[in-house]
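Remarks on the structure that follows.
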Amino acid sequence: MTKKPSGLDGSIWSNGRSNYNSPAPSNRGSPSQPPPPPSSSAPKPAIASTTRLTPAQAFHRFEQACQRLRWKFIDLHASYQRATNPEEFGFTKGDAEQNFKVDFHEFYVWIEQAIVLLLLIFGVTVSKSARPEDNISSRGNFGRGNYVASSHAYHHNVLKALEDEECPVYNALGKGEVNQALWKAKELRNRWKDASEGKETPPLKMYDLTWIVTEVLRGLEAAYGIASSHVEQELAQQHESLDETMAVDDEWEWMVEPMDWEAA
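Heads up, the sequence shown is in the UniProt record's numbering, so the first residue is 1 and it goes up one at a time.
This is the structure in structure tokens:
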């Protein structure tokens with residue numbers, strides 16, 4: 001991650017590409033406007049409301065989550081530069097690495113939030129409970145192995161949902177290197193989540209962060225195209241516009257509203 005991945009230069013994540021191609025024109029505020037600052041530096045766990053969102057509304061929030069990811073992607077790159085060249089910025093190596101690991105943990109939270117909203121577009125919800133077939137146990141290793149800590153069942157289930165061959169975005173996120181990168185990102189999220197508490201965690205040099213981030217963002221971009229086409233077709237069948245279906249959405253407020261984050 002010594003530089004911004006060139007493979008993303010022409011993607012929705014590149015500089016100057018702040019506006020997505022929405023499935024229908026909208027007169028609402030531009031999605032390129034930054035959201036209001038959150039009440040805390042770290043977003044809460046990615047559990048989106050499943051009871052109120054139509055596919056079009058879920059798509060709108062997915063789009064906003066991707067915008068937030070693009071913002072955080074730029075920040076993550078700058079954070080990595082500070083972490084790998086701490087003396088230039090007046091930090092010790094230990095402090096710089098710890099801060100980057102916290103930044104990466106927050107970045108993964110937004111990846112997960114985007115995936116949850118993406119699945120909602122297609123009516124797929126994620127269970128908070130452990131899946132028997134995954135043999136989830138409290139002796140978990142936080143990875144893709146046979147055991148996953150029960151408290152991490154939801155985060156595990158988010159990625160497992162993508163691996164179902166019936167999942168509409170299986171080809172984009174559920175297989176191949178993109179899926180491998182998602183699991184690796186989740187592993188780092190788990191390993192590095194305690195960095196802010198000063199606990200010893202694996203060093204940055206152990207991981208190919210450029211590959212991880214690039215593959216995940218490429219997968220989300222491919223999934224975005226699938227979701228956009230799905231919503232466009234659904235709205236055409238219903239003879240509705242995106243504005244009409246999003247009439248009750250509160251633009252960016254859902255990102256910092258605890259009830260929306262925590263709703264089951």
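No residue lacks a Cβ here, since even glycine has one placed at the ideal position from N, Cα and C.
Remember, it's a predicted structure, so these values are computed and weren't measured experimentally.
The stretch 96-115 contacting the stretch 171-189, beta-carbon criterion three pairs below 8 Å: yes
Enclosing alpha helix (DSSP H) for T214 [first to last residue]: Unbroken alpha helix (DSSP H) run through T214: 209-238.
Alpha-carbon to alpha-carbon, Y80 and A161: So the two alpha carbons sit approximately 30 Å from each other.
Cα-Cα separation, residue 329 to H230: The shown model of the chain, from 1 to 264, leaves out residue 329, and the question about it has no answer.
C-beta contact flag for Y154 and K128 at 7 Å: One thing to note: Y154 has its Cβ within 7 Å of the Cβ of K128.
Buried or exposed (CB count within 10 angstroms, at least 16 for buried), A78: exposed
CB contact flag (I111, F59, <7 Å): no
Backbone secondary structure at V126 - three-state DSSP: V126 sits in coil when the DSSP states are folded into three classes, being neither helix nor strand.
Simplified DSSP assignment, three categories, for F104: helix
When S228, V213, Y224, L235 are compared against D75, the one with the closest alpha-carbon: V213
Neighbour-count burial assignment, N157, 16 or more Cβ in a 10 Å radius: buried
G174, buried or exposed, once every other Cβ within 10 Å from all chains shown has been counted against 16: buried
Burial state of R218, where buried means 16 or more other Cβ atoms lie within 10 Å: Classification of R218: buried, given that the 10 Å Cβ count is 16 or more.
Three-state secondary structure assigned by DSSP to E97: E97: helix per DSSP, three-state reduction.
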